[in-house]
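Quick note on UniProt numbering: the sequence shown kicks off at 1 and runs consecutively.
Just so it is clear, CB atoms sit at the ideal spot from N, CA and C, and this is done for glycine as well.
Since the model is a prediction, treat every value here as computed from it, not as a measurement.
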Amino acid sequence: MAHHADPPQPATFRAAPALSGTAAIPGDKSISHRSLMLSALAVGESRVEGLLEGEDVLATAAAMQAMGAHIARDDTGAWRISGVGVGGLLQPATALDMGNSGTSTRLLMGLLSSHALTATFIGDASLSKRPMGRVIDPLSLMGAEFTASPGGRLPLTLRGICPAVPIEYRLPVASAQVKSAILLAGLNAPGITRVIEPIPTRDHSERMLRGFGADLTVETQVDGARIISLTGEAELSPRHIIVPGDPSSAAFPVVAALLAPGSKVTVTNVGLNPTRAGLFDLLRDMGGSIEVTNARDVGGEPVGDLVVTASTLRGVEPDPARAPSMIDEYPVAFIAAAMAQGRSIFRGLEELRVKESDRIATMATGLRLIGAQVEELEDGLIIDGTGGDPLPGGGPIATKLDHRIAMSFAIAGLVSRNGVEIDDMRPVATSFPGFIGLLRGLGAVA
């Protein structure tokens with residue numbers, strides 16, 4: 001989006017006193033994207049409260065508007081979306097600018113594949129490096145055609161087809177985005193579209209599709225694989241959605257509170273969907289004190305407040321099967337491991353190499369720069385912790401336009417001896433516009 005044309009915004013984060021207070025985090029990014037897309041396909045007006053107003057989600061909103069939905073924020077801060085009905089999307093007049101958002105791109109490629117329209121997707125430098133082949137392959141089987149840049153990258157043009165061909169597709173790699181793209185394409189395809197998921201991934205799409213009235217079933221096999229079946233030519237009804245707080249954003253104040261001695265912080269309204277809450281389980285395994293209070297159900301999603309008390313962490317070797325439930329939280333988990341007692345071994349994380357940056361390489365380089373002991377593996381990292389001593393600090397950290405890298409090293413700075421310098425904090429606006437303000441509210445940033 002436009003902000004990458006602005007000059008970089010370097011920042012230095014220094015050692016913080018004990019953190020205290022209450023932190024409210026932005027709405028869940030995954031749920032925000034899906035609530036806009038499905039509301040735009042419902043007939044009538046939906047209302048969404050707590051929508052994440054970061055650049056990634058606003059890219060989705062702009063795309064849905066470009067194809068005929070009416071989307072506006074009202075005086076209360078809620079968003080109202082008047083949908084066009086499944087099959088009712090219009091040909092966009094110009095290219096759809098996805099900014100930095102891989103989720104917007106992959107899910108919209110699915111959604112548009114079963115509509116008789118042509119759309120070109122463009123994005124920023126970071127998004128234009130990310131491979132789209134994993135969604136192009138199944139969507140091509142459904143009849144859509146793609147003209148992509150070399151390596152299956154953006155810019156790319158999609159020619160959708162109606163009627164599309166429903167398929168049965170076994171995911172070759174655990175990916176909620178690929179699963180969701182196929183299910184969204186299946187909404188406007190006659191018959192039953194099936195996705196077989198050998199390793200479960202975040203299930204927001206399934207929960208929300210059902211909530212909007214789609215005929216969707218999930219069957220779990222003996223080996224744990226899930227078979228998700230969606231009956232197409234669906235009619236979706238408008239909804240009132242309350243978006244819970246994003247566990248991926250909660251990760252940053254949670255880790256900061258665990259690591260900064262004497263801290264006690266409450267993070268409110270955190271989505272605790274088990275397909276997303278892997279980091280909190282991992283931190284508890286490391287000895288972290290994270291207590292759930294006020295547990296409740298909000299719009300079909302489990303939600304609670306997290307009370308986090310500074311703790312001495314120990315090294316851990318998590319099961320790679322956990323990866324899908326915390327794939328976006330590994331960068332900040334690596335920071336926690338760098339200050340734990342003993343060695344942590346993280347494996348099975350090949351997926352991190354094709355995120356906004358190569359997160360394995362980018363984190364390894366940055367951790368070394370601030371004095372951590374790290375060995376890079378093909379599929380992860382080995383980190384020898386400081387035993388709770390502050391990291392030396394240093395920089396500047398090259399964030400590679402990756403919001404989670406920037407925020408992870410900001411947290412490292414709060415528990416360093418000499419501060420951590422970060423080359424550019426602009427990318428944080430994609431998912432967590434109020435990040436610095438939140439840290440300031442807990443007493444971390446002067």
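- Taking 9 Å as the cut-off, the Cβ atoms of A260 and A310 count as close.
- For the options L19, E376, D389, A11, the alpha carbon positioned closest to that of V267 is the one of L19.
- For Q341, the pairing in a beta bridge is given by DSSP as R314.
- In the DSSP assignment, A23 is bridged to V267.
- When DSSP states are grouped into helix, strand and coil, Q373 belongs to the strand group.
- For L52, there is no enclosing alpha helix (DSSP H), as DSSP gives it neither H nor E.
- Assignment of beta-bridge partners to P302 by DSSP yields D297.
- L236 carries a strand assignment under DSSP once its states are collapsed to helix, strand and coil.
- The three-state reading of DSSP puts F212 in coil, since its state is none of H, G, I, E or B.
- The C-beta separation of G54 from P433 comes to about 6 Å, placing the pair in contact by the 8 Å criterion.
- If one requires a minimum length of 4 residues, the alpha helix (DSSP H) runs lying completely within the segment 373-436 are 403-414, in chain order.
- In the DSSP secondary-structure assignment, L158 is bridged to A119, F146.
- Per DSSP, T201 lies in no alpha helix (DSSP H) and is assigned neither H nor E.
- According to the DSSP assignment, T105 belongs to the alpha helix (DSSP H) that extends over 102-113.
- For the pair V420 and P396, the Cα-to-Cα distance works out to about 7 Å.
- With 16 or more other Cβ atoms from the protein chains shown falling within 10 Å of its own Cβ, Q177 counts as buried.
- By the C-beta criterion, the segment 99-113 is judged to be in contact with the segment 54-63, since at least 3 inter-stretch pairs fall below 8 Å.
- Shown here, A72 sits in a strand according to DSSP, grouped into three states.
- Look at G83 here: in three-state DSSP terms it is strand.
- Residue state for A42 is assigned as strand, using DSSP reduced to three classes.
- Scanning G388, F252, K355 for the CA closest to the CA of G315 turns up G388.
- Taking all protein chains shown into account, V173 has fewer than 16 neighbouring C-beta atoms within 10 Å of its C-beta and is therefore exposed.
- Annotated three-state conformation of A63 is helix, per DSSP.
- Nearest Cα to P138 within the set T312, I182, S39: I182.
- Taking C-beta separations shorter than 6 Å and ignoring five residues to either side along the sequence, P274 has no partners in its chain.
- When the five nearest sequence neighbours on each side are left out, the beta carbons in the same chain lying within less than 6 Å of the beta carbon of G394 are those of L369, I370, in order along the chain.
- In the structure shown, the three-state DSSP call for V195 is strand.
- Between the segment 337-345 and the segment 290-309, the count of C-beta pairs closer than 8 Å stays below three; the two stretches do not touch.
- Cβ atoms of I192 and S229 come within 8 Å of each other, at about 5 Å.
- Look at D137 here: in three-state DSSP terms it is helix.
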